[in-house]
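Residue numbers (full-length UniProt numbering): 1 to 967.
Ideal Cβ positions, reconstructed from N, Cα and C, are used throughout, including at glycine.
Scroll down for the structure; my scribbles are underneath it.
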């Protein structure tokens with residue numbers, strides 16, 4: 001079904017043929033095949049009023065057995081499915097087409113300005129565009145109308161110049177995204193996200209000196225000129241003696257691919273400044289710099305190299321411009337008044353003569369040092385965090401953040417102590433301070449221009465702007481800004497964190513006031529009032545010391561029950577325990593409906609080595625450049641590309657996962673690589689430095705349940721051979737074509753092949769193309785490319801993550817690696833006679849499980865397992881379900897947050913006030929949510945990617961209690 005809209009009145013044959021010829025099939029176009037077969041027996045005459053034949057008791061009993069949990073309703077489908085060479089070729093061709101530079105090269109939608117891949121663009125004749133629908137509101141300043149194309153010839157319509165083929169004349173084609181094409185060309189209405197709907201920010205009207213100052217501005221510069229502030233910044237530097245020093249000193253880069261770490265912490269309230277630049281005391285509290293090293297370094301050298309630098313010249317230029325042109329500074333919100341410029345504060349911050357030239361860390365910003373030896377180096381799969389030949393002249397940062405709630409520590413000492421503690425644990429952290437003068441963040445269109453004047457310098461398109469013709473939700477507004485073609489929003493290190501925090505606070509407030517029943521609110525607050533903050537603190541300390549600690553006293557059990565109830569309140573907040581529980585229930589609901597899953601797949605698309613990210617970050621590649629790849633020595637440059645483009649990394653990940661589902665698994669498109677996929681469920685997580693990866697359960701049509709599989713393996717030798725052949729064809733633990741198991745001499749692990757800095761990383765190469773290549777030649781190139789990719793991505797070397805779950809006294813080694821790569825090999829696949837477990841052949845001691853087609857196409861670390869048979873398979877399904885939905889908030893941290901919330905609201909607890917109880921519950925929930933650490937890529941994935949769940953089914957909650965009361 002192509003789903004082409006057509007008016008019934010004009011549905012002539014010629015019209016239908018024209019629509020079909022111009023239609024491009026997409027993933028939503030379902031393939032339907034009608035098969036006509038002859039009846040085995042002649043059709044008999046129709047018998048009227050024939051009574052239905054009742055099923056025999058034996059047949060009813062067999063049907064009930066098949067509907068038990070874990071039994072697949074496969075309708076006698078063939079499993080395992082036969083291998084189809086033509087299908088594999090089609091999968092490779094389609095995947096390579098969708099990932100080609102010609103398909104992914106991005107252009108701008110002329111109407112909304114969002115990025116659109118060339119393969120998804122719609123071309124419309126400029127003369128056919130209804131320009132009268134794209135005019136701005138009457139209050140838009142005429143002097144700020146677009147000037148980058150001939151506005152008069154386009155009848156005053158607000159358009160993006162990158163989407164026009166002719167800037168001077170109304171000729172040629174105009175590029176549209178599919179959403180704008182439907183709204184504008186079919187529905188004849190203005191798209192809500194059109195540039196004319198207050199989404200044009202007039203950056204092309206900035207004077208040259210102001211534009212340069214904005215582009216060169218540092219964190220400190222922007223904090224000095226912002227009227228509103230909503231975040232604190234913490235930088236962490238680490239001295240690693242094993243790495244090349246930076247700037248001629250002992251300073252070396254942080255282990256997380258960047259030379260330092262920055263943490264952006266949204267405040268609970270937006271703070272306003274009446275005087276700019278702010279006083280040194282305000283600036284001192286907004287930044288914290290921690291340096292960890294084994295020796296004391298020269299502070300003057302550190303101030304010269306730190307990214308927390310400022311320029312008095314830039315600050316003066318920007319403040320002069322904003323005071324003259326930005327309404328937030330000229331007028332302010334009601335009751336605020338205009339901003340006053342303070343020359344005295346400028347002198348206090350920078351001094352009479354700014355030291356070290358125009359860029360240095362102001363003396364009022366403090367630097368702390370942690371004396372550390374043997375720094376713990378973060379680890380990651382395939383050595384992605386290891387860097388050699390790092391350029392000594394650049395300083396790259398990675399951004400992570402914490403989603404803040406409604407309560408935080410007020411004391412500066414507490415803030416620094418928390419930061420110190422988290423840095424000692426290997427992370428950068430700063431506890432947020434609440435502003436003394438909070439600013440309303442609801443229905444305040446001045447907020448965007450005051451918080452981020454470099455993004456909305458004229459304050460034209462703030463959130464919930466009153467002059468917007470069509471209202472747009474804040475979350476949709478945020479997603480739109482992050483998708484703008486060549487826009488500055490996605491690359492700003494604070495914007496996504498602060499705005500995501502605002503969105504989450506709104507949802508939390510709505511939940512506490514409208515979705516939680518009165519009796520539940522009163523019950524939770526009543527239980528909280530009966531427990532002391534000291535109890536929560538003591539229980540938190542015990543669980544932190546002993547992760548397996550079981551509550552012994554009745555008070556401790558009550559405390560944990562309260563925690564469980566509060567977790568359910570925000571069950572729709574990503575990252576919360578209630579949210580994870582809801583996802584776990586969805587997986588178990590799928591198991592109830594579809595039976596046991598067949599495969600457990602883990603995909604870790606690389607961001608640093610991804611050629612897709614080059615395309616999504618705006619690089620224009622020729623076919624020759626696309627096929628050449630990048631060297632190992634350019635890893636730092638590629639890491640900087642990721643750090644600069646977190647939204648591109650999230651979109652690249654989403655593109656990979658969508659192609660896994662639509663092209664490789666071919667869900668709802670017939671048989672896929674492993675068979676016909678009847679369902680899937682994937683959860684997205686972020687690793688230590690923010691890289692996204694997905695754990696996915698896959699259901700295959702005809703796959704029997706664990707017990708049935710065990711029984712058939714024991715009774716049907718032919719089926720056993722077919723299943724083993726299917727597994728060995730799709731899951732490899734050795735290089736393709738390996739005939740004999742390799743052994744390690746003397747227990748010494750085989751060393752991964754080493755590469756020179758000038759060698760090309762195979763993950764950055766497009767790889768051999770199936771189209772235009774003879775099959776024999778392609779097969780040879782295919783095997784060679786897969787071998788290089790396996791060596792790069794799936795050759796296991798023990799790292800810190802392998803031993804993260806070790807108990808006290810356990811030693812690191814092959815036997816304690818949690819990945820299970822212990823050097824043991826197996827020449828043939830065997831079935832354990834006692835347990836029924838299938839032990840897949842493993843002819844290489846260090847290569848993790850992979851599928852060759854997926855490795856060839858995805859070019860990243862992966863893991864794939866068949867969920868097998870017998871009791872161990874049932875236990876594995878239960879464990880995997882819990883593992884991929886594991887909570888990201890440790891229990892002791894949540895209890896600690898509850899204790900802090902009780903301390904801060906001691907006076908309010910016990911009052912018989914429903915509104916006050918709801919506010920307290922909201923603050924308690926937000927206090928727990930404030931402990932959630934999120935990477936830049938994670939936040940971007942919620943707005944420009946696919947979120948944190950990939951599922952084939954939609955789920956609705958059945959409130960059984962309501963039905964039960966009626967019954």
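### Query
Considering residue 862, what are the terminal residues of the beta strand (DSSP E) in which it resides?
Along the chain shown, read from residue 1 onward, the residue named residue 862 stands at position 862. Element bounds for residue 862: 861 to 866.
### Message
Count Cβ pairs between the segment 697 to 717 and the segment 89 to 107 that sit closer than 8 Å; are there 3 or more?
### Response
no
### Message
Distance check for residue 949 and residue 94, CA to CA, integer angstroms please.
### Response
The residue labelled residue 94 in the question sits at position 94 within the chain shown. The residue labelled residue 949 in the question sits at position 949 within the chain shown. Approximately 24 Å, taken between the alpha carbons.
### Query
DSSP state of residue 118, grouped into three classes?
As a first step, residue 118 must be located in the chain shown, where it is residue number 118. Residue state, collapsed to three classes: helix.
### Selection from 148, 723, 822 and 225 that minimises the alpha carbon distance to residue 201
What you label residue 201 is simply residue 201 of the chain shown in a count that begins at 1. Looking at the Cα atoms, 148 is the closest of the given residues.
### Query
Leaving out five residues before and five after residue 719 in sequence, what residues of the same chain have Cβ atoms less than 7 Å from its Cβ?
As a first step, residue 719 is located in the chain shown; it is residue number 719 there, counting from the start. 712.
### Task
Report yes if the C-beta distance between residue 116 and residue 196 is below 8 Å; otherwise report no.
In the chain shown, residue 116 corresponds to position 116, counting from 1. In the chain shown, residue 196 corresponds to position 196, counting from 1. Cβ atoms of residue 116 and residue 196: not closer than 8 Å.
### Query
Between which two residues does the beta strand (DSSP E) carrying residue 685 extend?
The residue you call residue 685 lines up with position 685 of the chain shown. Element bounds for residue 685: 677 to 686.
### Task
Please name the residue in 492, 958 and 199 whose C-alpha comes closest to that of residue 144.
The sequence position of residue 144 within the chain shown is 144, counting from 1. The shortest Cα separation from residue 144 among 492, 958 and 199 belongs to 199.
### Message
For residue 783 and residue 504, what's the separation of their Cα atoms in angstroms?
### Response
Position 783 of the chain shown, counted from the start, is the residue given in the question as residue 783. Position 504 of the chain shown, counted from the start, is the residue given in the question as residue 504. Rounded to the nearest angstrom, the two C-alpha atoms are 48 Å apart.
### Query
Which class does residue 108 belong to by DSSP, given the choice of helix, strand or coil?
In the chain shown, counting from the first residue as 1, residue 108 sits at position 108. Of the three classes helix, strand and coil, the one that applies to residue 108 here is strand, per DSSP.
### Query
Does DSSP put residue 736 in a helix, a strand or coil?
As a position in the chain shown, residue 736 is number 736, starting the count at 1. Note: residue 736 maps to coil in three-state DSSP.
### Query
Taking C-alpha atoms, which residue in 602, 653 and 633 lies nearest to residue 617?
Along the chain shown, read from residue 1 onward, the residue named residue 617 stands at position 617. Minimum Cα distance to residue 617 is reached at 653.
#### Entry: Option in 80, 468 and 589 with minimal Cα separation from residue 139
Counted from its first residue, the chain shown places residue 139 at position 139. Among 80, 468 and 589, the Cα nearest to that of residue 139 belongs to 468.
### Task
Indicate, with yes or no, if the ligand ATP has a heavy atom lying under 7 Å from the CB of residue 566.
What this structure holds is no ligand at all, so the ligand ATP is not there to describe.
### Bridge partners - residue 693, DSSP secondary structure assignment
Sequence index remark: in the chain shown, residue 693 carries index 693 (1-based). According to DSSP, which records beta bridges pairwise, residue 693 is partnered with 685.
### Task
Pick out whichever of 808, 457, 742 and 631 has its Cα sitting closest to the Cα of residue 548.
Taking the first residue of the chain shown as position 1, residue 548 is located at position 548. The candidate whose alpha carbon is nearest that of residue 548 is 808.
### Query
For residue 826, which residues does DSSP report across the bridge?
In the chain shown, residue 826 corresponds to position 826, counting from 1. 842, per the DSSP bridge assignment.
#### Entry: CA-to-CA distance, residue 594 to residue 75, given in whole angstroms
Here the question's residue 75 lines up with position 75 in the chain shown. Here the question's residue 594 lines up with position 594 in the chain shown. At residue 75 the pLDDT is 47, less than 50, meaning the model places this residue with poor confidence; the figure from the coordinates comes in the next sentence. Cα-Cα distance, rounded: 12 Å.
### Message
Is it buried or exposed, residue 827, if we count other Cβ atoms within 10 angstroms and call 16 or more buried?
### Response
The residue given as residue 827 occupies position 827 in the chain shown. That one is exposed.
### Query
Is the beta carbon of residue 524 sitting closer than 8 Å to the one on residue 587?
Here residue 524 is taken as the residue at index 524 of the chain shown, counted from 1. Here residue 587 is taken as the residue at index 587 of the chain shown, counted from 1. Contact flag unset, no.
### Query
What is the C-beta distance between residue 792 and residue 762, in whole angstroms, given that I count them as a contact (C-beta under 8 Å)?
As a working note, residue 792 is residue 792 in the chain shown. As a working note, residue 762 is residue 762 in the chain shown. 6 Å between Cβ atoms; contact.
### Task
Say whether the segment 836 to 853 touches the segment 817 to 824, bearing in mind that this needs 3 or more beta-carbon pairs closer than 8 Å, one atom from each stretch.
yes
### Message
Taking a contact to mean a Cβ-Cβ separation below 8 Å, would you say residue 556 touches residue 528 in this structure?
### Response
Position 556 of the chain shown holds residue 556. Position 528 of the chain shown holds residue 528. Contact flag unset, no.
### Message
I'd like to know if the segment 665 to 682 and the segment 634 to 643 are in contact, where contact means that at least 3 CB-CB pairs between them fall below 8 Å.
### Response
no
### Task
Compare the Cα-Cα distances from residue 765 to each of 146, 622, 208 and 211 and report the closest residue.
In the chain shown, the residue the question calls residue 765 occupies position 765. Among 146, 622, 208 and 211, the Cα nearest to that of residue 765 belongs to 622.
### Message
Measuring straight from C-alpha to C-alpha, what distance separates residue 194 and residue 272?
### Response
On the chain shown, position 194 is the one that residue 194 refers to. On the chain shown, position 272 is the one that residue 272 refers to. C-alpha separation (whole angstroms): 31 Å.
### Message
Quick check for students: name the residue ranges of the alpha helix (DSSP H) that lie wholly in the segment 466 to 502, counting only runs of 4 or more.
### Response
474 to 482
### Residue range of the alpha helix (DSSP H) that includes residue 626
Counted from its first residue, the chain shown places residue 626 at position 626. Unbroken alpha helix (DSSP H) run through residue 626: 623 to 628.
### Task
Check whether the Cβ atoms of residue 228 and residue 451 sit closer than 8 Å, and answer yes or no.
Working through the chain shown from its first residue, we reach residue 228 at position 228. Working through the chain shown from its first residue, we reach residue 451 at position 451. Yes, the pair counts as a contact, with Cβ atoms nearer than the cut-off.
### Task
State the CB to CB distance for the pair residue 767 and residue 785, rounded to an integer number of angstroms; the pair is presumed to be in contact (CB under 8 Å).
Here residue 767 refers to the residue found at position 767 of the chain shown. Here residue 785 refers to the residue found at position 785 of the chain shown. At roughly 5 Å, the Cβ-Cβ gap stays under 8 Å, so residue 767 and residue 785 are in contact.
### Query
According to DSSP, is residue 748 helix, strand or coil?
By 1-based counting over the chain shown, the position of residue 748 is 748. The answer is coil: DSSP assigns residue 748 none of H, G, I, E or B.
#### Entry: C-alpha distance - residue 754 paired with residue 632, whole-angstrom precision
In the chain shown, counting from the first residue as 1, residue 754 sits at position 754. In the chain shown, counting from the first residue as 1, residue 632 sits at position 632. Residue 754 and residue 632: Cα-Cα distance of roughly 11 Å.
### Task
Below 8 Å on the Cβ atoms is my guess for residue 282 versus residue 225; work out the distance and round it to an integer in Å.
In the chain shown, residue 282 corresponds to position 282, counting from 1. In the chain shown, residue 225 corresponds to position 225, counting from 1. Not confirmed; about 13 Å, so no contact.
#### Entry: Distance between residue 447 and residue 464 (C-alpha atoms, nearest Å)
Counted from its first residue, the chain shown places residue 464 at position 464. Counted from its first residue, the chain shown places residue 447 at position 447. Residue 464 and residue 447: Cα-Cα distance of roughly 10 Å.
### Under the three-state DSSP convention, the category residue 603 falls into
Numbered from its first residue, the chain shown carries residue 603 at position 603. Looking at residue 603 - three-state DSSP - the assignment turns out to be strand.
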